[in-house]
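Trainee: Numbering-wise, the sequence shown is residues 1 to 117 according to UniProt numbering. Here it is: the structure, laid out below.
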Amino acid sequence: MLAREPIVPRTDQAYKTSIVFAQDKGTSVLYKVLSAFAFRNIRLTKIESRPNRNRPIRVVNDANIGTAKHFEYMFYVDFEASMADFRAQNAMAEVQEYTSFLRVLGSYPMDMNPTRE
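See the structure below:
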């Protein structure tokens with residue numbers, strides 16, 4: 001969603017937040033990231049993976065023995081919480097520990113017709 005004026009996240013209404021991250025080394029990174037949200041009872045509404053354009057294929061070097069090739073992925077996740085919510089802030093701090101790249105794409109109201117004050 002694009003807006004002319006920035007939306008300042010609040011906690012008085014339901015918000016959704018979109019993030020993107022790249023996993024560092026290891027296969028359990030996605031599990032750890034998802035656990036950060038599950039532990040805090042934050043509901044995920046979307047998980048999508050896309051091959052990383054900058055590093056689409058990595059060849060295992062001789063130190064790791066073998067010639068396995070695989071894609072490195074970027075993960076896009078939407079979750080139901082505002083970045084003003086301490087649960088979301090703590091989850092993001094934990095996610096940052098496991099990832100090589102993390103970006104908050106935006107936090108926006110789930111109800112697009114918010115009540116006027």
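C-beta atoms are modelled at their ideal positions from N, C-alpha and C, and glycine is treated no differently.
Using 8 Å for Cβ pairs, my map puts residue 32 next to residue 78. What's the rounded Cβ distance?
Mentor: The Cβ separation is near 19 Å, so there is no contact.
Trainee: Measuring CB to CB, does residue 75 end up less than 9 Å from residue 48?
Mentor: yes
Trainee: Helix, strand or coil, according to DSSP, for residue 92 in the structure here?
Mentor: Of the three classes helix, strand and coil, the one that applies to residue 92 here is helix, per DSSP.
Trainee: Distance check for residue 82 and residue 34, CA to CA, integer angstroms please.
Mentor: 17 Å
Trainee: Using the rule of at least 16 other Cβ atoms within 10 Å of the residue's Cβ for burial, across every protein chain shown, is residue 110 buried or exposed?
Mentor: By the neighbour-count rule (16 or more Cβ atoms within 10 Å), residue 110 is not buried but exposed.
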